[in-house]
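Residue numbers (the numbering used here): 132 to 262.
By construction, the Cβ of each residue, glycine as well, lies at the ideal position given by its N, Cα and C atoms.
This one's a predicted model, so the numbers in the text were calculated from it and none came from an experiment.
Notes for the one structure printed next.
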Amino acid sequence: MLPAEALAKLDAMDDYDRMLAYSRFGSDYRMSAAEVEAQFNAWKRGENVAPSTFTNTDVGPAAPSGQSANYIQDASKYRATYDPSREGKARQSQIEQAVMCPACNSALGIPSVRPIKVTCPSCMTETTFTA
């Protein structure tokens, strides 16, 4: 179960940040993102959520697993303007899909070409997507 502090942090986030945080909190508390979301929704409805007895122990960063992309269904509401240069605008015009960075869960706009090597601008993790 998530501690009240974690639930309050989730409550203070906007929808997009909360969606990203579900996965991050899940890995921190050894839960799936769906379990974190379910607990948050129950807490929001005022249902009794048992306090957590979990103690967060740092096990180090998880290596990006798998090479399959975690796609974002509605990518149209996210900005894809990382680089204002002419070359950057040309690359941005090729964006057809949005995926989640496997390391930090940031939204990344990518073309549909596979395999593709992507460096996340948020965490600088390099990932090659093959599917």
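Problem set entry | Sheet register partners of Leu239 (DSSP bridge) | Val230
Exercise. Quick one: what does DSSP say Tyr160 is sitting in, helix, strand or coil?
Worked result: Here Tyr160 sits in coil by DSSP.
For this session: Determine the DSSP secondary structure at Glu166, reduced to helix, strand or coil.
Result: helix
For this session: Confirm, please, whether the CB-CB distance from Leu141 to Arg149 is below 7 angstroms.
Result: yes
For this session: Take Gly157 and list the residues in its own chain whose beta-carbon comes closer than 6 angstroms to its own, dropping the five residues that flank it on each side.
Result: Ser163, Ala164, Val167
Exercise. For Gln225, which residues of its own chain have a beta-carbon under 6 angstroms away from its beta-carbon, when the five flanking residues on both sides are left out?
Worked result: Pro242
Exercise. Taking just the CA atoms, how far does Ser154 sit from Tyr202?
Worked result: 14 angstroms
For this session: Helix, strand or coil for Glu218, going by three-state DSSP, please let me know.
Result: Here Glu218 sits in helix by DSSP.
Exercise. Just checking my contact of Cys235 with Thr256 at CB under 8 angstroms: how many whole Å lie between their CB atoms?
Worked result: 7 angstroms
Problem set entry | Proximal residues to Thr259 (C-beta, below 8 angstroms), its chain only, five neighbours per side dropped | Gln198, Pro246, Ile247, Lys248, Val249
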